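My numbering puts the first residue of the sequence shown at 1, with every later residue one more than the last. Note that beta-carbon positions come from the ideal geometry of N, C-alpha and C, so glycine has one too. All figures in this text were calculated on a predicted structure; none of them were measured in a lab. Step one of this worksheet: look at the structure below.
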Amino acid sequence: MTTITTTALPTPRQRVEELADARISVFQRGYLADESNAVAALARLRRGAGQKPERLPDLWALVDTSPLHVPADNARELSEPELERAENALHTALTLWALHQQSRRDTGMHERGSRGRPRGVGAAVRRMMKPDEIDDSLRKRLVRAGTAPDLSTLAQRLRDIVLLLRREQFPLDYALLAGQLYTWQWPDGPDRVRREWGRSFHARQGEKPSDGLQPGDDGPAGE
């Protein structure tokens, strides 16, 4: 009897996360190596933080969503609504990373998380607090981001959090964030992302050294 093994095709959200990780990783390596092209790219991306992608056509080539316009590994083509949301998510994630990375030449501010080392938004906010205390002002920033009425407002509120993370030199998983921003734009998406952030916030309290798990385990990759 022949057993047929099927491999699950990547979901749109997974494709967004993979592309975000690929794009940011290239820019980050170049920036840390003081490569002029990467330094210039980061400066351009940084200016787009908190702004809508359609207002900044000069960034389209840097964000470069072209891999999403062709089927990957026999996956179906993305629909126009999926592509639009993916482009919005990638623009927002890459520009926020550039703002976060600014002037940090010794370490990358994009860092993939794992179950033992969560790097989601909730975990990052919790990390800025003392271990046994809840800083109400920081908690309120996370709540305000979670209750944003639209993606534009969410990007602005995340920008404020990113500036605090930059000051504290704490990294964030921007691939995971890109996936969450993609999910956010769908019906019931904000509720799902808020739950992910909540789990990430509480998971941070039990953080332990890397246990060899795969990146992105502090939130679901599918959507």
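DSSP, read as helix, strand or coil, puts residue 172 in strand. For residue 167, the closest alpha carbon among the candidates 33, 49 and 103 is that of 103. Spanning the alpha carbons of residue 140 and residue 180 requires a straight line of approximately 20 Å.
Selection 37, 25 and 176 evaluated against residue 197 yields 176 as nearest (Cα-Cα). For residue 53, the closest alpha carbon among the candidates 39, 93 and 32 is that of 93.
Under the criterion of beta carbons closer than 8 Å, residue 16 and residue 83 do not qualify as touching, at roughly 10 Å.
At least 9 Å separates the beta-carbon of residue 9 from that of residue 65.
Across the set 161, 202, 150 and 158, the C-alpha of 150 shows the shortest separation from the C-alpha of residue 188. The Cβ atoms of residue 172 and residue 98 lie no closer than 9 Å to each other. Within the same chain, Cβ atoms closer than 7 Å to the Cβ of residue 178 are found at 16, 17, 20, 89, 90 and 93, the five residues on either side in sequence being excluded. When 71, 30 and 199 are compared, the shortest CA-CA separation from residue 107 is found for 30. Around residue 164, the same chain offers 128, 138 and 141 as residues with beta carbons nearer than 8 Å, after the five sequence neighbours per side are excluded.
Non-local C-beta neighbours of residue 100 in its own chain, meaning closer than 7 Å and more than five positions away in sequence, comprise 109, 162, 165, 166 and 172, ordered along the chain.
Nearest C-alpha to residue 158 among 26, 44 and 96: 96.
Nearest C-alpha to residue 44 among 32, 61, 34 and 33: 61. Under the 10 Å beta carbon count, residue 24 is surrounded by 16 or more other beta carbons and is classified as buried.
Looking at the DSSP output, residue 110 shares a beta bridge with 172. Within its own chain, the residues whose Cβ lies closer than 6 Å to the Cβ of residue 38, once the five positions on either side in sequence are excluded, are 27, 30 and 31, listed in chain order. Under the three-state reduction of DSSP output, residue 11 falls in the coil class, being neither helix nor strand. In the structure shown, residue 51 adopts coil according to DSSP, grouped into three states. Burial state of residue 117 is buried, judged by a 10 Å Cβ sphere holding 16 or more other Cβ atoms. Cβ-Cβ distances below 6 Å link residue 48 to 56, 59 and 95 in the same chain, with the five nearest sequence neighbours on each side left out; the list follows chain order.
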